[in-house]
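So the structure is just underneath, and the comments pick up after that.
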Amino acid sequence: MAESGYPQFKSQVWVGILAPAATPNDKVDDMNRAVAKVINDSVMKTRFTQIGISPKSLSRSQFDNLLKDDWLQASPLIEQFKIL
């Protein structure tokens, strides 16, 4: 993005699991714990690292902040180039 004239734009690729807003908190927490367990497993960490992935397990609030921050950063460009 810097080479395209947007040096302040920071980009990263991430994968997350989203649930419908009406999903009970305990179910979302259960899924978050299950995903974190896989991500933090030593065998899985090794496999991820071997293929160039740096796995991170985020809390619900951390992931929410990531989504908000990404949207705040990208939304001016989305509007400017009429992507949505």
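Number 275 in the working numbering belongs to position 7 of the sequence shown; there are no gaps in the numbering. Even for Gly, the Cβ is constructed at its ideal location relative to N, Cα and C.
Assumed close pair residue i, residue j - CB separation to whole angstroms, cut-off 8 Å
i    : j    : result
N308 : S325 : 6 Å
V303 : M312 : Between M312 and V303 the Cβ distance is about 11 Å, and since that is not below 8 Å, they are no contact.
Residue span of the alpha helix (DSSP H) that contains residue i, given as start and end
i    : result
A287 : Per DSSP, A287 belongs to no alpha helix (DSSP H) and is neither H nor E.
D309 : Careful: D309 lies outside any alpha helix (DSSP H) and carries neither H nor E.
Where residue i sits in the DSSP three-state scheme
i    : result
K278 : coil
F349 : coil
P344 : helix
L326 : coil
M269 : coil
> Are the stretch 329 to 346 and the stretch 273 to 280 in contact at 8 Å, needing three or more beta carbon pairs?
Replying inline: With a cut-off of 8 Å, the stretch 273 to 280 and the stretch 329 to 346 count as touching, because enough Cβ pairs lie within range.
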